[in-house]
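Visitor:
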Amino acid sequence: MSDWNQQIIDEFRANGGVVATNGFGKGLVLLHHRGARTGTERVSPVAGIRDGEDAWLVAASKGGAPQNPAWFHNLLAHPDVEIETPDDGSVPVYATQLTGAERDEAWARFTARSPGFRAYEERTSRTIPVLRLARR
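Residue numbers (the numbering used here): 123 to 258.
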């Protein structure tokens, strides 16, 4: 895990889910997932948008890189995961990749939230995946 990710994770946990770094505030969730090939347990800080009472949206933007982040592939292989949230603590969730209009509507929520997401979209030729993490 990168030092930067660990710094964000530590700050999230030390401050009840509030991360001042990069102005994230309460906009992150900590995604617990297992490696698709290795089964190794990992934690990744990701931007999360609450979607109703029992779900969160996450976008596999990877800063506009040409490939999806590793955690995206891990969720497809092992969709039963857990997240840590600022308001709900640890929550067991099931990950589902959104497609078509549902994906486009969810992605629009990310681009409305931050100009950074619009920049990520402009940097890459891939369609950035969006997943719904629904409480199990």
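Where is the CB? At the ideal position from N, CA and C, for every residue including glycine.
How would you label N137, buried or exposed, when you count the other beta carbons within 10 angstroms and need 16 or more for buried?
Guide: exposed
Visitor: Taking C-alpha atoms, which residue in L255, A256 and R245 lies nearest to K184?
Guide: R245
Visitor: With D176 as the anchor, note down where its alpha helix (DSSP H) starts and where it stops.
Guide: Segment: none, D176 is in no alpha helix (DSSP H) and carries neither H nor E.
Visitor: Hey, would you say V151 sits closer than 8 Å to V168, going by beta carbons?
Guide: yes
Visitor: For the beta strand (DSSP E) that H155 lies in, which residues bound it at each end?
Guide: L150 to R156
Visitor: For a quick check, are the C-beta atoms of G145 and P208 less than 8 Å apart?
Guide: no
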